[in-house]
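**Student:** Mind having a look at this structure? Questions to follow.
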Amino acid sequence: MVCLGNICRSPLAEGIMRDLAARASLPWEIDSAGTGNWHVGDPPDPRSIRVASQHGIDISGLRGRQFSVHDFDRFDRIYAMDLDNYRDILRKARTLQDEAKVQLLLDNQQPVPDPWYDDALFAPVYELIYNACEKIVQKA
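Quick note: the sequence shown uses the UniProt record's numbering, first residue 1, plus one each step.
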């Protein structure tokens, strides 16, 4: 799960997907990262922690990290939150196999809005991410 800073959208996606995968008994390794390095080592945004907690998901222990070319080796799928993140990830791809692992999280190819500047977006962003993750788990 990859967004820009790894403190709003992608930690929500990591927490949601971990929860859904655990409930479905799927042995998936799930992680999140940011394309930027501004928040490496930082916890998720308190607003993301709050909205996740309201749904019974604790993401407070997560810490920001930057997406690395080595993530192509670790993961079978890499989900980007928006087209900018998608393009940034593809720039690091070494092979067509790396590129094939990358897709937008929302299956309608729309971006997950960045709620950083608008507190009111955190709840709808949670719902968008939840619905997308639920579809991924149902296809497994």
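No residue lacks a Cβ here, since even glycine has one placed at the ideal position from N, Cα and C.
1. Where do the ends of the alpha helix (DSSP H) carrying Y79 lie?
2. So the beta strand (DSSP E) V40 belongs to, where does it begin and stop?
3. For C8, which three-state DSSP category applies?
4. Can you name the residues that DSSP bridges to A33?
5. Can the beta-carbon of I129 be found less than 8 Å from the beta-carbon of I16?
6. I'd like the list of long-range same chain contacts for A33, defined as Cβ closer than 7 Å, with 5 residues on each side in sequence excluded.
7. Looking at the strands, I want to know which residues DSSP matches up with L104.
8. To the nearest angstrom, how far is the alpha carbon of D118 from that of S25?
9. So what's Q66 in DSSP terms, helix, strand or just coil?
10. In or out: T35 buried (at least 16 other Cβ within 10 Å) or exposed?
11. How long is the line joining the alpha carbons of A52 and A93, rounded to whole angstroms?
12. Go through its chain and collect everything with a Cβ distance to L20's Cβ below 7 Å, but skip five positions before and after it.
**Tutor:** Taking the structure as given:
1. Y79 -> not in any alpha helix (DSSP H); beta strand (DSSP E) instead, spanning 78 to 80.
2. Taken as a continuous stretch (DSSP letters only), V40 belongs to no beta strand (DSSP E), as it is neither H nor E.
3. coil
4. V2
5. yes
6. V2, N6, S10, R65, Q66, F67, D71
7. Answer by DSSP bridge pairing, in chain order: A80.
8. 35 Å
9. strand
10. The residue is buried, with at least 16 neighbouring Cβ atoms inside 10 Å.
11. 31 Å
12. C133, E134, V137
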